[in-house]
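K.L.:
Sharing a structure with you now.
There are 2 protein chains.
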Amino acid sequence: MTAGPTPLPPRVQAALAEPIVYHRAPAFDALFARVLARLPMVFQTSNDVIVLTCSGSGAMDSAFANLVRPGQPVLACAAGKFGERWIELGEAYGADLVRYEPGWGTRLDPAVIDGLLTDRPEIKVAFATLSETSTGIVHDIEAIAAVAKQHDVILVVDAVSGLGAADLAQDAWGVDVVVTGSQKALMTPPGLGLVSASPRALEFAADQPGGRYYFDWAMAMKEQRKSSPATPFTPAVSLIAALDAALAMIEEEGFAQTLARHALLARATRAGVLAMGLGLYGDPDERANVVTAVALPETIDGGKVPGILRDTYGITANGGQGELKGRIVRIAHCGYFGAFDIITSLSGLEMTLAQLGAEIDLGAGVGAASQIFLDAGVNATASA
Amino acid sequence: MTAGPTPLPPRVQAALAEPIVYHRAPAFDALFARVLARLPMVFQTSNDVIVLTCSGSGAMDSAFANLVRPGQPVLACAAGKFGERWIELGEAYGADLVRYEPGWGTRLDPAVIDGLLTDRPEIKVAFATLSETSTGIVHDIEAIAAVAKQHDVILVVDAVSGLGAADLAQDAWGVDVVVTGSQKALMTPPGLGLVSASPRALEFAADQPGGRYYFDWAMAMKEQRKSSPATPFTPAVSLIAALDAALAMIEEEGFAQTLARHALLARATRAGVLAMGLGLYGDPDERANVVTAVALPETIDGGKVPGILRDTYGITANGGQGELKGRIVRIAHCGYFGAFDIITSLSGLEMTLAQLGAEIDLGAGVGAASQIFLDAGVNATASA
Numbered sequence: 002m003t004a005g006p007t008p009l010p011p012r013v014q015a016a017l018a019e020p021i022v023y024h025r026a027p028a029f030d031a032l033f034a035r036v037l038a039r040l041p042m043v044f045q046t047s048n049d050v051i052v053l054t055c056s057g058s059g060a061m062d063s064a065f066a067n068l069v070r071p072g073q074p075v076l077a078c079a080a081g082k083f084g085e086r087w088i089e090l091g092e093a094y095g096a097d098l099v100r101y102e103p104g105w106g107t108r109l110d111p112a113v114i115d116g117l118l119t120d121r122p123e124i125k126v127a128f129a130t131l132s133e134t135s136t137g138i139v140h141d142i143e144a145i146a147a148v149a150k151q152h153d154v155i156l157v158v159d160a161v162s163g164l165g166a167a168d169l170a171q172d173a174w175g176v177d178v179v180v181t182g183s184q185k186a187l188m189t190p191p192g193l194g195l196v197s198a199s200p201r202a203l204e205f206a207a208d209q210p211g212g213r214y215y216f217d218w219a220m221a222m223k224e225q226r227k228s229s230p231a232t233p234f235t236p237a238v239s240l241i242a243a244l245d246a247a248l249a250m251i252e253e254e255g256f257a258q259t260l261a262r263h264a265l266l267a268r269a270t271r272a273g274v275l276a277m278g279l280g281l282y283g284d285p286d287e288r289a290n291v292v293t294a295v296a297l298p299e300t301i302d303g304g305k306v307p308g309i310l311r312d313t314y315g316i317t318a319n320g321g322q323g324e325l326k327g328r329i330v331r332i333a334h335c336g337y338f339g340a341f342d343i344i345t346s347l348s349g350l351e352m353t354l355a356q357l358g359a360e361i362d363l364g365a366g367v368g369a370a371s372q373i374f375l376d377a378g379v380n381a382t383a384s385a
Numbered sequence: 002m003t004a005g006p007t008p009l010p011p012r013v014q015a016a017l018a019e020p021i022v023y024h025r026a027p028a029f030d031a032l033f034a035r036v037l038a039r040l041p042m043v044f045q046t047s048n049d050v051i052v053l054t055c056s057g058s059g060a061m062d063s064a065f066a067n068l069v070r071p072g073q074p075v076l077a078c079a080a081g082k083f084g085e086r087w088i089e090l091g092e093a094y095g096a097d098l099v100r101y102e103p104g105w106g107t108r109l110d111p112a113v114i115d116g117l118l119t120d121r122p123e124i125k126v127a128f129a130t131l132s133e134t135s136t137g138i139v140h141d142i143e144a145i146a147a148v149a150k151q152h153d154v155i156l157v158v159d160a161v162s163g164l165g166a167a168d169l170a171q172d173a174w175g176v177d178v179v180v181t182g183s184q185k186a187l188m189t190p191p192g193l194g195l196v197s198a199s200p201r202a203l204e205f206a207a208d209q210p211g212g213r214y215y216f217d218w219a220m221a222m223k224e225q226r227k228s229s230p231a232t233p234f235t236p237a238v239s240l241i242a243a244l245d246a247a248l249a250m251i252e253e254e255g256f257a258q259t260l261a262r263h264a265l266l267a268r269a270t271r272a273g274v275l276a277m278g279l280g281l282y283g284d285p286d287e288r289a290n291v292v293t294a295v296a297l298p299e300t301i302d303g304g305k306v307p308g309i310l311r312d313t314y315g316i317t318a319n320g321g322q323g324e325l326k327g328r329i330v331r332i333a334h335c336g337y338f339g340a341f342d343i344i345t346s347l348s349g350l351e352m353t354l355a356q357l358g359a360e361i362d363l364g365a366g367v368g369a370a371s372q373i374f375l376d377a378g379v380n381a382t383a384s385a
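Protein chains in written order, with my numbering: chain P, 2 to 385; chain B, 2 to 385.
Now the structure itself:
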């Protein structure tokens with residue numbers, strides 16, 4: 002039930018347990034070439050996707066290392082904990098930071114972004130989040146990208162928690178840079194950072210050389226584009242083998258179907274939560290396909306929900322982070338999840354809330370979710 | 002036979018294949034606490050060791066990010082491909098670089114380092130390498146650390162390929178910072194960077210805040226020192242589980258015995274190579290316990306050796322890198338290796354050289370190595 006690292010499919014676990022492959026041997030070349038060929042599918046791009054050995058936050062760091070110099074004006078949008086990471090990065094690297102913070106649980110407003118970029122035409126790079134895991138909100142990246150394009154601004158999107166669960170058509174929407182990690186919808190353990198940068202973004206980075214080494218995109222690209230694709234530094238070979246297995250599963254399911262499955266799981270979750278008489282936190286809509294933030298009743302001690310779910314029902318769940326501590330519980334449906342994972346989560350939540358004294362009609366949430374799955378047909382509910 | 006990633010023990014592979022643990026759940030807390038408690042053993046230190054999700058080069062990058070600012074004078078020592086990485090880092094980050102490059106295959110001379118630090122008393126940080134994988138040389142870090150101490154200079158040692166195979170008594174020798182990766186003597190897949198920084202080095206870093214985020218040591222230390230140790234960013238949990246299993250094996254073998262096993266494997270390898278009538282490349286001595294660089298006969302096409310070993314004998318081996326291409330082959334004995342891995346390597350090398358037309362007395366190298374193992378007793382030759 003957590004928003005990541007998400008459960009591993011048995012096939013991915015089996016790939017992890019394979020004997021280690023030497024990263025400069027032909028067996029690895031073939032594996033890595035296959036991964037590089039498959040990655041553009043999940044980014045919906047024709048860019049070569051850069052594979053870094055780091056977590057998703059390392060991939061975010063690489064965007065600053067390659068695109069931003071101290072004193073350079075940038076726009077950072079944040080409406081939750083992960084958006085705030087862009088602000089922390091801007092502060093750490095001494096950027097001239099324009100902050101857009103409409104508040105947790107709010108959707109970023111493209112019109113406000115338009116205004117901020119109009120006020121500060123010297124801004125060349127902007128940062129936003131696809132799925133804000135802390136609140137469940139999926140932002141309207143398509144509209145934000147259109148605004149960025151009007152201002153000739155490079156848009157960098159943190160899709161660490163969203164890519165592969167929420168739609169992000171990088172090329173069609175004109176998003177310059179998308180960064181993600183391996184451990185969410187990509188069903189791989191954490192430890193790989195992925196960056197899809199447009200030719201324009203790569204040129205922009207090349208115009209600001211130096212100040213980076215391990216995270217240098219050009220260095221990675223040069224190695225990846227060799228006839229035997231390589232990496233400048235020893236890569237996490239076992240995680241790349243796992244990613245290969247996971248991408249094969251997504252390819253077999255069909256990426257459009259992967260997105261549709263996540264949409265269905267999210268729809269069933271929302272229906273279940275509402276049928277339990279609970280609210281959805283913030284301003285979620287039909288794009289909120291990664292994690293559902295459930296507003297807990299004020300009559301109960303919400304801080305106890307994750308502990309009871311874990312200790313009594315064996316369900317690992319996320320409560321609220323930061324200012325939402327004790328006020329929400331989050332049901333993830335991102336990655337290797339199927340209908341009965343949602344049923345289990347809702348059922349466990351029903352019992353937990355009843356145990357804490359909330360008025361809950363046991364089975365109501367589960368029933369509403371089941372109705373959604375039933376209407377959609379069994380095939381659509383199978384996990385990858 | 003490659004110098005890393007090295008083979009995984011079955012127990013480490015099994016740990017990798019375990020279901021993924023959520024990094025903010027009690028099960029991970031206990032695992033991570035165990036790893037943090039065991040790591041100082043291999044660094045021979047009382048420092049808390051920082052665990053980063055990155056490869057060894059990322060840990061090297063973190064030393065620059067935390068200790069060096071643009072324009073700051075630093076000394077970088079390089080006598081091979083991996084030493085040159087310090088120089089590349091210095092150039093990338095715009096340090097005022099004093100380079101000490103005595104040439105590949107040479108041992109770094111502490112007296113020369115003393116002279117360089119005397120000439121440039123404004124140097125506060127120096128960089129060196131424990132085991133230079135490209136040449137097989139293990140540098141005299143004990144003597145270099147003594148020189149650095151005299152000049153009140155912070156010494157940073159790249160022990161990526163050496164830690165756990167060659168002796169490095171961090172606290173006893175007074176080495177301020179040691180960085181390594183998970184994939185060599187630590188018998189874990191690549192993807193974890195480890196940093197042991199002395200209190201003095203951490204203070205020096207704290208005096209130069211900003212300019213780093215993902216690799217910030219203080220941020221990592223703050224999370225690791227919580228009552229439930231954590232990481233600032235999602236860690237590579239499956240690799241940490243693997244490292245836990247590997248450290249348990251080292252603990253069971255006894256770390257002194259781990260070092261003694263590596264010394265024995267290296268001694269047998271050197272004896273075998275010499276008995277085959279081949280030379281040892283460069284200036285190796287009894288410290289060269291990580292990888293043995295074998296000088297190939299000039300009468301054969303040395304560039305063909307790794308390919309024949311791989312395709313005919315199923316042995317993955319490293320040839321020379323950079324200027325040593327075709328001139329050497331390297332036999333690794335670092336990590337999960339025992340006596341019969343050395344016997345296999347030497348036997349495969351004998352047949353390969355014979356196939357290429359060299360005058361080789363088949364069995365001579367294997368025999369000499371066997372004599373070393375026999376003299377040492379069977380127990381000392383068992384792999385971990």
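Think of the CB as a built atom: it goes at the ideal place given N, C-alpha and C, for glycine as much as any other residue.
Given the structure is predicted, the values throughout are model-derived calculations rather than measurements.
1. Give me, in chain order, the residues of the same chain whose beta-carbon lies closer than 7 Å to that of Thr189 (chain P); leave out the 5 immediate sequence neighbours on both sides.
2. Between Gly315 (chain P) and chain B, is there a C-beta pair that is closer than 8 Å?
3. Ile114 (chain P): which of P:Ile124, P:Trp105, P:Gly106 sits nearest, CA to CA?
4. Taking a Cβ distance cut-off of 7 Å, strictly less, list which residues of the region 229-251 of chain P are near chain B, in chain order.
5. If we define contact as Cβ-Cβ less than 8 Å, is Cys55 (chain P) a contact residue for chain B?
6. Who pairs with Ile138 (chain B) in a beta bridge, going by DSSP?
7. Which term fits Ala207 (chain P), buried or exposed, when burial requires 16 or more other beta carbons within 10 angstroms of its beta carbon?
8. Are the C-beta of Ala385 (chain B) and some C-beta of chain P separated by less than 8 Å?
9. Using CA coordinates, which residue listed in P:Ala167, P:Ser56, P:Ala198, P:Ser132 is at the minimum distance from Val126 (chain P)?
10. In its own chain, which residues sit with a C-beta less than 7 Å from the C-beta of Asn48 (chain B), not counting the 5 before and 5 after it?
11. Give me whichever residues DSSP pairs with Asp97 (chain B) in a beta bridge.
12. Counting only beta-carbon separations shorter than 8 Å, does Leu40 (chain P) have a partner in chain B?
13. Which value, in whole angstroms, describes the spacing of the CA atoms of Thr313 (chain P) and Met222 (chain B)?
14. Roughly how many whole angstroms lie between the Cα atoms of Gly304 (chain B) and Gln209 (chain P)?
15. What does Ile21 (chain P) touch in chain B if you count any residue whose Cβ is under 7 Å from its own?
16. Quick one: is Ile119 (chain P) buried, meaning 16 or more other Cβ sit within 10 Å of its Cβ, or exposed?
17. On a Cα-Cα basis, can you pick out the residue from B:Ala34, B:His152, B:Val75 that is closest to Ser229 (chain B)?
18. Please list, in chain order, the chain B residues whose beta carbon lies closer than 7 Å to that of Arg213 (chain P).
19. Hey, could you find the ends of the beta strand (DSSP E) Thr189 (chain B) is sitting in?
20. Just the Cα atoms here: how many angstroms apart are Ala93 (chain B) and Glu252 (chain B)?
21. Going by alpha carbons, who is nearest to Pro74 (chain P) out of P:Arg100, P:Cys335, P:Pro111?
22. Which one of P:Arg268, P:Leu297, P:Ser346 has the shortest CA to CA distance from Ala167 (chain P)?
23. Can at least three beta-carbon pairs, one atom from the region 290-308 of chain P and one from the region 19-37 of chain B, be found at a separation below 8 Å?
24. One question on the structure: do Asp177 (chain B) and Phe83 (chain B) come within less than 8 Å of each other, judged by their Cβ atoms?
25. DSSP beta-bridge partners for Ser197 (chain P)?
26. Closer than 7 Å, Cβ to Cβ, to anything on chain P: give me those residues from the region 71-99 of chain B, in chain order.
27. For Pro3 (chain P), which residues in chain B fall below 7 Å Cβ to Cβ?
28. Helix, strand or coil: which one does DSSP assign to Val278 (chain B)?
29. Determine the direct distance from the alpha carbon of Ala66 (chain P) to that of Thr46 (chain B), and round the result to whole angstroms.
30. Can you find the residues in the same chain that come closer than 8 Å, C-beta to C-beta, to Leu347 (chain B), ignoring five residues on each side of it along the sequence?
31. Smallest Cα separation from Gly192 (chain P): which of P:Ala294, P:Ala18, P:Ala237?
32. Taking DSSP's pairing of strands, which residues face Ala294 (chain P) in a bridge?
33. Hey, quick one: how far does the beta strand (DSSP E) through Asp172 (chain B) stretch, first residue to last?
34. My output table needs one value for Ala377 (chain P): the three-state DSSP class, helix, strand or coil.
35. Which term fits Phe341 (chain B), buried or exposed, when burial requires 16 or more other beta carbons within 10 angstroms of its beta carbon?
36. Comparing the C-beta of Gly59 (chain B) with each C-beta of chain A, is any distance below 8 Å?
P.N.:
On the basis of the supplied data:
1. Val13, Ser183, Leu240, Ala243, Leu244, Ala247
2. no
3. P:Ile124
4. Phe234, Thr235, Pro236, Ala237, Val238, Ser239, Leu240
5. yes
6. B:Glu133
7. exposed
8. At Ala385 (chain B) the pLDDT is 43, less than 50, meaning the model places this residue with poor confidence; the figure from the coordinates comes in the next sentence. It does not: the Cβ of Ala385 (chain B) has no partner Cβ on chain P nearer than 8 Å.
9. P:Ala198
10. Pro41, Ser197, Ala198, Ser199
11. B:Pro74
12. no
13. 33 Å
14. 39 Å
15. Pro6, Pro8, Leu9, Pro190
16. First, the residue type needs correcting, since residue 119 (chain P) is Thr and not Ile in the sequence shown. It is exposed - the Cβ of Thr119 (chain P) has fewer than 16 other Cβ atoms within 10 Å.
17. B:Ala34
18. Ala93
19. Taken as a continuous stretch (DSSP letters only), Thr189 (chain B) belongs to no beta strand (DSSP E), as it is neither H nor E.
20. 39 Å
21. P:Arg100
22. P:Arg268
23. no
24. no
25. P:Val50, P:Val179
26. Glu89, Leu90, Ala93, Tyr94, Gly95
27. Before going further, note that residue 3 (chain P) is Thr rather than Pro in the sequence given. Those are Tyr23, listed as they occur along chain B.
28. The displayed chain sequence assigns Gly, not Val, to residue 278 (chain B). Here Gly278 (chain B) sits in coil by DSSP.
29. 32 Å
30. Thr270, Gly273, Val274, Met277, Ile332, Gly366, Val367, Ala370
31. P:Ala237
32. P:Arg331
33. Premise fails: Asp172 (chain B) lies in the alpha helix (DSSP H), 171-174, not in any beta strand (DSSP E).
34. helix
35. exposed
36. The structure shown contains no chain A; its protein chains are P and B.
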